[in-house]
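Under UniProt numbering, the first residue of the sequence shown carries the number 1, and numbering increases by one thereafter.
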Amino acid sequence: MHILVTGGAGFIGSNFVHYVLANTDHSVTVLDKLTYAGNLASLDGLPEDRFRFVKGDIADAGLVDGLVAEHDAVVHYAAESHNDNSLSDPRPFLETNIIGTYTLIEAARRHGTRFHHISTDEVYGDLELDDPARFTEQTPYNPSSPYSSTKAGSDLLVRAWVRSFGLQATISNCSNNYGPYQHVEKFIPRQITNVLRGERPKLYGTGENVRDWIHANDHSSAVLTILEKGVIGETYLIGADGEKNNKDVVELILTQLGQPADAYDHVNDRPGHDLRYAIDSTKLRTELGWTPQFSDFEAGLADTIAWYREHEAWWAPQKDATEARYLAQGQ
Numbered sequence: 001m002h003i004l005v006t007g008g009a010g011f012i013g014s015n016f017v018h019y020v021l022a023n024t025d026h027s028v029t030v031l032d033k034l035t036y037a038g039n040l041a042s043l044d045g046l047p048e049d050r051f052r053f054v055k056g057d058i059a060d061a062g063l064v065d066g067l068v069a070e071h072d073a074v075v076h077y078a079a080e081s082h083n084d085n086s087l088s089d090p091r092p093f094l095e096t097n098i099i100g101t102y103t104l105i106e107a108a109r110r111h112g113t114r115f116h117h118i119s120t121d122e123v124y125g126d127l128e129l130d131d132p133a134r135f136t137e138q139t140p141y142n143p144s145s146p147y148s149s150t151k152a153g154s155d156l157l158v159r160a161w162v163r164s165f166g167l168q169a170t171i172s173n174c175s176n177n178y179g180p181y182q183h184v185e186k187f188i189p190r191q192i193t194n195v196l197r198g199e200r201p202k203l204y205g206t207g208e209n210v211r212d213w214i215h216a217n218d219h220s221s222a223v224l225t226i227l228e229k230g231v232i233g234e235t236y237l238i239g240a241d242g243e244k245n246n247k248d249v250v251e252l253i254l255t256q257l258g259q260p261a262d263a264y265d266h267v268n269d270r271p272g273h274d275l276r277y278a279i280d281s282t283k284l285r286t287e288l289g290w291t292p293q294f295s296d297f298e299a300g301l302a303d304t305i306a307w308y309r310e311h312e313a314w315w316a317p318q319k320d321a322t323e324a325r326y327l328a329q330g331q
């Protein structure tokens, strides 16, 4: 296949591009606007005969139509995705997550192109800390932030285009990713790079909030499995049974980097901070035969720490501005 990957210079998208080119004979074109979260350095070293990069906006209908017409499939990662940013300025989330997705699915509809839409477990809202339940494909949507509500809206657009226009699409909702190429504003790389720079990690509130962590390589393998084997019109939840609260994650990072487990600072909690996410990926595993490689979170975290230790030149240019922004927020 010739695959168009939107947002392929971002964290999860770039991991997917590396995974596809390393494990298949497919070719990839990346379409990315290169906002602050996109980084061309994340695409270094890819084979020139099977990879090209196009700078552009997914809301640019003319550009999108021409690119979609040239490809067998679109994998749509491009999104504004940081909750804190959505609370301070929601409009870019509407423009990218809603209008951008609409532009892409209209082009895919016109050209009969296979479409896979990347979403998040945050569209389901949150769970109580002591609730044994996990999100499934049947869980009602209950988003709680401008980010998660615009992602929910984009999911519903894709579903409507499947039903109304026969769009050849699938959707996946994934739990929190970690791994290489993640911007240092995000929770795990922020704490890792703080320790690497001799600074103390920062923990929102009491740190009891639980996330269901999955390594980006496992997310990539799941998306490729859905693209190749998934049933049109279906939604698949992607998770690796990696539930950890934020306090445990920070303490594990400190321990793996040889620091005392309590060498962190508490900072202001984010407004409306969801309590717990948890994914039930039974459908993906039983119907499509997918299994994660990094089923041990501690091993995946060690792999991630090693990457950030070895790639300071990649993350250092982002670090000072990111920390200055958090400091202004009391975080």
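Ideal placement from N, C-alpha and C gives every residue a C-beta, glycine not left out.
* Could you tell me which of Phe11, Glu323, Ile3 sits nearest to Leu67, measuring between CA atoms? => Ile3
* Asked: Rounded to whole angstroms, how far is the Cβ of Asp72 from the Cβ of Met1, which I believe are closer than 8 Å?
  -> 4 Å
* Close beta carbons around Val184, own chain, < 7 Å, minus the five adjacent residues each side -> Arg190, Thr193, Trp315, Gln318, Lys319, Thr322
* To do: Go ahead and pull the three-state DSSP assignment for Arg285.
  => helix
* Asked: If you count every other CB in all the chains shown that lies within 10 Å of the CB of Lys151, and 16 or more means buried, which is it?
  -> buried
* Taking buried to mean at least 16 other C-beta atoms within 10 Å of its own C-beta, is Ser14 buried or exposed? -> buried
* Asked: Under the rule that 16 or more other beta-carbon atoms within 10 Å means buried, what is Ala22, buried or exposed?
  -> exposed
* Just the C-alpha distance for Asp155 and Tyr102, rounded to the nearest angstrom, thanks. => 10 Å
* Whole-number beta carbon distance between Ile253 and Leu301, since they are thought to touch under 8 Å -> 7 Å
* Which class does Ile3 belong to by DSSP, given the choice of helix, strand or coil? -> strand
* Asked: Helix, strand or coil: which one does DSSP assign to Asn245?
  -> strand
* Endpoints, beta strand (DSSP E) assigned at Ile232 -> Where Ile232 is concerned, there is no enclosing beta strand (DSSP E), given that its DSSP letter is neither H nor E.
* **Pair within 8 Å by beta-carbon distance, Gly7 and Asp32** => yes
* To do: Report the residue from Gln331, Tyr36, Glu48 whose alpha carbon sits nearest the alpha carbon of Thr29.
  => Glu48
* Which residues bound the beta strand (DSSP E) around Ala73? -> 73 to 76
* Which residues DSSP lists as bridging Val30, in chain order -> Val5, Phe53
* Asked: In angstroms, rounded to a whole number, what distance separates the CA positions of Tyr178 and His311?
  -> 15 Å
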